[in-house]
Amino acid sequence: ILLVQFVGIPFSFLFGSIAEKIGSKRAVLAGLAVYTGIAVLGYFTRTEAHFFALAFLVAMVQGGTQALSRSLFAALVPRHLSGEFFAFFGVAEKFAGIFGPAVFAGTIAATGSSRMAVLSVIAFFAVGALILLKVDVEAGQREARAAEAAAGRGPA
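In our numbering, the protein residues as written are 363 to 518.
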């Protein structure tokens, strides 16, 4: 866990630079693709060295994707309703902390294989990517600003 924290800090800045060039949405999608690759590599992990290499890879994308997903979400939320929207975001995050391990454990129970359980998390990355692909960031930002203006909280 400490490795993820220490390695993640500089890579968070790198993800920010990447997002400036390609946009937050595409950077988060790239992070999801890397996570998918990590899960596939996790299936083939055989040694402690492999495990630490995967931890390093997770650290490379963890902080950046979390920060970018929050900032992207914030850009799509009317500022005067940010408390309500981020409360929902937090609740959704808590449920992910339940569903992910439940699917992981269910996969082990069904298949008897922790390797298959590692692959099962790809479904979460795929669903997240599919949802994000449908998001029109510019339209969402316009709607958020319009909601602010309608509430008398900002320019139209």
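Just so you know, even glycine gets a beta-carbon here, dropped at the ideal spot from N, CA and C.
Rounded Cβ spacing between Gly404 and Val480 (contact assumed at less than 8 Å): Reading the sequence shown from its first residue, position 42 is the one you call residue 404. Reading the sequence shown from its first residue, position 118 is the one you call residue 480. Yes, they are in contact, since the Cβ atoms of Gly404 and Val480 sit about 4 Å apart, within 8 Å.
Run the CB neighbour count on Ser482, radius 10 Å, all protein chains shown included, and call it buried at 16 or more, exposed below. Locating residue 482 in the sequence shown gives position 120, where the first residue counts as 1. By the neighbour-count rule (16 or more Cβ atoms within 10 Å), Ser482 is buried.
Relative to the C-alpha of Ala392, which candidate in Val420, Met478 and Ile470 has its C-alpha closest? Working through the sequence shown from its first residue, we reach residue 392 at position 30. Ala392 has its Cα closest to that of Val420, out of Val420, Met478 and Ile470.
Evaluate Gln367 with the Cβ neighbour count: other Cβ atoms within 10 Å of its Cβ, from every protein chain shown; 16 or more gives buried, anything less gives exposed. Position 5 of the sequence shown, counted from the start, is the residue given in the question as residue 367. Flag for Gln367 reads exposed.
Under the assumption that Ser374 contacts Ala429 (Cβ atoms under 8 Å), give the Cβ distance between them as a whole number of angstroms. On the sequence shown, residue 374 is found 12 positions in, with the first residue counted as 1. On the sequence shown, residue 429 is found 67 positions in, with the first residue counted as 1. That pair is a contact at about 6 Å.
Is the beta carbon of Ala513 less than 8 Å from the beta carbon of His442? One-based indexing of the sequence shown puts residue 513 at position 151. One-based indexing of the sequence shown puts residue 442 at position 80. Yes, these two residues count as a Cβ contact at 8 Å.
CA nearest to the CA of Ile400, picked from Ala389, Gly385, Lys387 and Gln424: Residue mapping note: residue 400 aligns to position 38 of the sequence shown, counting from 1. That would be Gln424, whose Cα lies nearest to the Cα of Ile400.
Taking the alpha carbon of Leu394 as the point to measure from, which residue in Met422, Ala415, Pro463 and Arg408 has its own alpha carbon closest? As a working note, residue 394 is residue 32 in the sequence shown. For Leu394, the nearest C-alpha among the options comes from Met422.
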